[in-house]
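A short write-up of the structure that comes next.
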Amino acid sequence: MNRILNQRSLRITYYVIFLLAIVLIPATIVHAQDPTPSDDQVNKIAGQLYCPVCENTPLDVCPTEACRQWRDLIRQMISEGKSEAEIKQYFAENYGARVLSEPPRTGLNWFVYVIPPVIILAGAFFLFRALKGWTKPVVASTTSDTSEAKPIAQDDYVARLEEELKKRK
Amino acid sequence: MTEIKDTAPKRGVPMWAQAIIWGLLIILLIVVGLGLKRAQQGTVQPGDKIPDFTLPLFKGYEYEGKSEIKLSDLHDKVVVLNFWASWCKPCEQEAAEMQQAWEANEASGKVIFLGADYVDTEPEARAFLKKYGIDYYNGPDMGTKISQLFRMKGVPETYFIDREGVLQYVQVGPFASADEIQIHIDDLLK
Amino acid sequence: MIAQFGFGVLILSFIVTIYSVIAAVMAATRKSASLTESARRAMLLTFPLITLSALSLIYLLVYNHFEIAFVYEVTSKSMPTYLKITAWWGGQAGSLVFWSWLLSAFTSAVTLRKWDRDREFLPWVIVVTGITLAFFLVMVIFFENPFASMWFDKSGEMVKAMFMPNGATAVPLQLDGRGLNPLLRHPGMVIHPPMLYLGFVSFVIPYAFAMAALITGRTDDRWIRLTRRWTLWAWLFLSFGLVLGGRWAYDVLGWGGYWGWDPVEISAFMPWLTGTAFLHSVMIQEKRGLLKQWNMILIILTYALVIFGTFLTRSGVLSSVHAFAQSAIGPLFFAFIGLTFIVSISLLIKRWPDLHGETEMKSMLSREALFLLNNLLFMSVLVVCFWGVIFPLISELVTGAKVTVGPPFYERATAPLFAALMLLMGIAPLSAWGHSTVQTLGRALWKSALAAVITTVIIFATYTQNVIALIGFLLIAFVLFVTFQEFWRATRARQKTQNENFFKSLWTLVGRNRRRYGGYIIHISMMLMAIGILGIEIFQTQTQGTLALNQKVEIGGYQVEYSAISQFQGPDNREVTRAVVNVYRNGEYLGQVYPRIDFYTDSQQNMTIPGQRATLRDDLYVLLVDWQPVTSNGATFKIYVNPLVNWLWIGSFLFFIGVIIAAWPDKDPERAAVRASKTTRQINELRNE
């Protein structure tokens, strides 16, 4: 009797283990789904894009129906694992370069980035040259100003100030 | 400051500097002037020749098996080009009428309807097309290139191009009925 | 009838302006005193005339005359009266009348002063201001007429015209107007545009004087002295207009920001840059007699940027949230700009040799040299801004591609420039006119520099390790210490000799040297504003999420809880949806804020008004997101925490005080200038150890 019971319980155990395995193994294979990207994740990217139809409105604050669809599109792309750069690239290709918050660094657009430093440096160069041309070495000419180039005590400074103020009172 | 002398002679502005200043000013005025002209321009007008453009097509909306369509491929047909978007309420008003007009003209083979989807998302666009049963050739206006070509100001707008590739009529806003569309098509078929 | 009257008076003022210009030209060429007087009186006459026209327009706006197109477009019955008055500048046509009114007001004010010493200038000042006024009046009368009505012409199209076109029919009287854009229905509308326009328009006067100086050949310092005070006030109004625009955007737009680097904002900012540069370099001309040519360039450039910016805003050339609707004034305005640029440059080139002054500098570290560096930096920021605004135009013309030049470009380029300016703000006050060396400067500023470093280390230990913020705080602390040191030293010195109470000394010191100490106060206020800007730009945190009732979200140390919702009819014909939000910090209840959505039924538009909790430490800024449903089950909120941002507004208040002090007129301007420069020279001599 014991042997029969043992055999049966063994079989039952095998069945149970088998069933459990059938259930559990797929559960371990199915990895955790990416949670839906939060509004903040979407806004981080949308904040760097402009609404394709409105005038100069950032995509994260635009209230229109179309903008809502684009933000959902971003949400979907994030959950697909696309990177920020890929999403911005997608938007630029589909809706034109004007949705990006600065011109892509291609072709003519290089001028946007290059011209200001060039002009500023040129300005600095001209200013420096002009200043150099205008500055005479201090040694050359003696003036009433430089003859005072001696350390003056605080009291002396105060005394002169007092004198001056008295004169103007 | 008594020690400062006016040592340098009085010089006018050197010629090269003047040339640069005037040159830059002229360029600025030209750029701004042209920008102004462009801002004041309306859409492309009847009588203008339309340059060639390529419209990529959605899957399932191919033309002769090809996934994009060029204007130059259609040189013997009347082209009705409609700009629309799924988020555009007035576009919904004319969607059914456009499909109706298409069905009336499809068989003749002399007219072709094109739908250019303006800054839209594909799932919503497809839903829109399905909702109105639209089956003529549709695709996204990638990078807004085509709408910029026409200087489109808003959606919906419909452009009627004749067999020589010359624009003959612009409809700004939705059509009220399929008959209206037909009138313009008939004009171009003459 | 009122409309016809308003229009008629406007035409009359146009005729009077033209007469005034012609008379002034004749007066100048014939050197006739009587013609000058006639031109002057004619210009004075334009002010009451345009005032009458403006009053007519305001009457039409306030009393709901919707048969007038402009009134229909910008007002509606439900708007409160004060907003109907501000609607005067709420649309293109009305705001052009406002411009004209301000211009004639300023010109009248200028022509009313005593002209005995400068009789030569007067006719040309009238010519320049008169031509400008004439242009604006032409734009109003022929292109954007606020007194026009709407008609259906022969083909059934709607047109606007003053008098009935042939074969047209009147448009049926509208029962209600369209109403002002809800974004504009805010107290900010009362002051921001007028301030900006005040700033813009008042720059015409210094420009007119500059032109008069060039034309008459009287290129000595006279024109600078005459216009210095005007320029300061113009600059004050412009600065205020900019700050108010920022505050308004912050309060009302719901973007959690105060400045978007939008092309129209930048157009108003550019003249401010050159104006600030001018205010500094004009001091060099006064103290050392240098840089006449440069100052002339700066004034012309400032005015040119004013009208260029006005043109860009109103012509529809730029893509912007602020842009006016498409308008027919574009080509005319373009012609006006072209004319102004060409005439100004021609005159400047012609008189260039006469402007040549003594150009000799003692040292590269003298105050003159540092002021020139200041100018270079301001001009550099200008180059960045101008190029960023123009480039999209160029790109579209050359390649057909539309691009956006946005905040990343501007912030990256201007941040180091502003940092350099801040550094200068700390060094320049300590350098002497005429002569400074590394030693003298070093001796003067080592204490402040040390204090600044210590402060930064403290900030590093307690508040943040962000490098950019620390550099910013270091510079701000440096400038603040240097400026306070200036006040302190001078007050103490005076106190010792006068045996006065500290505050009496301070008061008298500032009173006798208003420009210098007013200027220092302005520097301090700028640093306070910089604190606010650093705080919000670097440390802002935001979050967006849907909250169910009584649900909390955590952000920036606060816990924010959605507590209640109510809906009711507000004044001014709007439906208000108002949420009650509880604010906690570390579990402790702090108060409530009330974000709301106002739906304006007449224009079918929403406005999201944030609920704000403002402290010195930060701003908690809660918005109801209006593209998601707002119900008692849940609502979507967008929450910003903006650290330190209120220093921006505190700083701007102090700024106002500083400019008032700096601009406060002396009893005799001539003597005061001499006095002030003499004291300065003495102090500098004493300081040159």
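Residue numbers (the working numbering), protein chains in the order written: chain P, 355 to 523; chain Z, 6 to 195; chain A, 460 to 1148.
We treat Cβ as the ideally placed atom computed from N, Cα and C, and that holds for glycine.
As the structure is a computational prediction, the values presented were derived from the model and not from experiment.
Between the CA atoms of residue j and residue i - distance to the nearest angstrom
i       : j       : result
Y1048/A : F595/A  : 56 Å
W718/A  : F1112/A : 18 Å
Q50/Z   : Q153/Z  : 14 Å
F1011/A : N1101/A : The sequence given here has Lys at residue 1011/A, not Phe. Rounded to the nearest angstrom, the two C-alpha atoms are 19 Å apart.
G931/A  : Y979/A  : 19 Å
F830/A  : A462/A  : 52 Å
Y1099/A : I1056/A : 17 Å
L771/A  : V723/A  : 8 Å
A627/A  : E603/A  : 20 Å
Q176/Z  : A130/Z  : 21 Å
M617/A  : F611/A  : 5 Å
R16/Z   : A22/Z   : 12 Å
W966/A  : I674/A  : 43 Å
W107/Z  : I117/Z  : 8 Å
P730/A  : Y1053/A : 38 Å
V492/P  : I474/P  : At V492/P the pLDDT is 47, less than 50, meaning the model places this residue with poor confidence and gives no usable figure here.
A1073/A : A903/A  : 38 Å
E102/Z  : W464/P  : 47 Å
Y141/Z  : F180/Z  : 17 Å
A620/A  : V630/A  : 12 Å
T1060/A : S537/A  : 10 Å
V480/A  : E97/Z   : 58 Å
P389/P  : G435/P  : 11 Å
Limits of the beta strand (DSSP E) - the one that residue i falls within
i       : result
S608/A  : 608–611
W89/Z   : 83–89
M1066/A : 1064–1068
N110/Z  : Premise fails: N110/Z lies in the alpha helix (DSSP H), 94–111, not in any beta strand (DSSP E).
T1002/A : 1000–1007
H1036/A : According to the sequence provided, residue 1036/A is Thr. The question's His does not apply to it. 1033–1044 is the extent of the beta strand (DSSP E) around T1036/A.
A1094/A : 1093–1102
D1077/A : 1077–1083
8 Å contact criterion, which residue i and residue j should meet: CB distance rounded
i       : j       : result
G138/Z  : A121/Z  : Their Cβ separation, rounded to whole angstroms, is 19 Å, which puts G138/Z and A121/Z out of contact at 8 Å.
A552/A  : V587/A  : Actually they do not touch by this definition, with Cβ atoms about 25 Å apart.
A528/A  : S608/A  : 6 Å
V396/P  : R362/P  : The Cβ separation is near 59 Å, so there is no contact.
R1150/A : A1121/A : It is not possible to answer for residue 1150/A, since the shown part of chain A is limited to 460 through 1148.
F998/A  : F699/A  : F998/A to F699/A, Cβ: 27 Å. No contact.
H982/A  : V938/A  : 6 Å
Y1017/A : R1044/A : 6 Å
L581/A  : R706/A  : Actually they do not touch by this definition, with Cβ atoms about 40 Å apart.
L934/A  : L987/A  : Not confirmed; about 13 Å, so no contact.
A667/A  : I759/A  : Actually they are not in contact, since the Cβ atoms of A667/A and I759/A sit about 11 Å apart, beyond 8 Å.
Residue interval of the alpha helix (DSSP H) (run including residue i)
i      : result
P507/A : 492–521
G964/A : Reading the sequence as shown, one finds Ser at residue 964/A and not Gly. Counting along the chain, the alpha helix (DSSP H) containing S964/A begins and ends at 961–971.
G192/Z : The question names Gly, yet the displayed sequence has Asp at residue 192/Z. 183–194 is the span of the alpha helix (DSSP H), which, as asked, contains D192/Z.
L642/A : Where L642/A is concerned, there is no enclosing alpha helix (DSSP H), given that its DSSP letter is neither H nor E.
E945/A : 926–957
Y449/P : 438–449
Min CB distance residue i to chain C below 7 Å
i      : result
F668/A : Here chain C cannot be found, since the structure's protein chains are P, Z and A.
Pair every Cβ in the region 442–461 of chain P with every Cβ in the region 748–760 of chain A, then say whether three or more of these pairs are closer than 8 Å.
no
Which runs of the beta strand (DSSP E) at least 3 residues long sit entirely within the region 645–713 of chain A? Give them in chain order.
none
How do the region 79–95 of chain Z and the region 159–173 of chain Z stand: do at least 3 beta-carbon pairs fall below 8 Å, yes or no?
yes
Evaluate the contact criterion for the region 503–512 of chain A versus the region 541–561 of chain A: three or more CB pairs, one atom per stretch, below 8 Å.
yes
Between the region 539–549 of chain A and the region 562–582 of chain A, can you find at least three pairs of beta-carbon atoms closer than 8 Å?
no
Quick one: complete alpha helix (DSSP H) runs, 4+ long, within the region 809–858 of chain A?
826–858
Does the region 847–858 of chain A touch the region 881–888 of chain A, meaning 3 or more C-beta pairs lie closer than 8 Å?
no
May I ask you to verify whether the region 791–805 of chain A touches the region 760–771 of chain A, counting CB pairs closer than 8 Å and requiring at least 3?
yes
Contact between the region 510–520 of chain A and the region 474–486 of chain A is defined here as three or more beta-carbon pairs at a separation below 8 Å; is this criterion met?
no
I want to know whether the region 830–843 of chain A touches the region 51–61 of chain Z - three or more CB-CB distances under 8 Å.
no
Secondary structure, alpha helix (DSSP H): runs of 4+ residues fully inside the region 739–799 of chain A
751–774
Measuring CB atoms only, is the region 689–698 of chain A touching the region 656–663 of chain A, in the sense that at least three cross pairs come out at less than 8 Å?
yes
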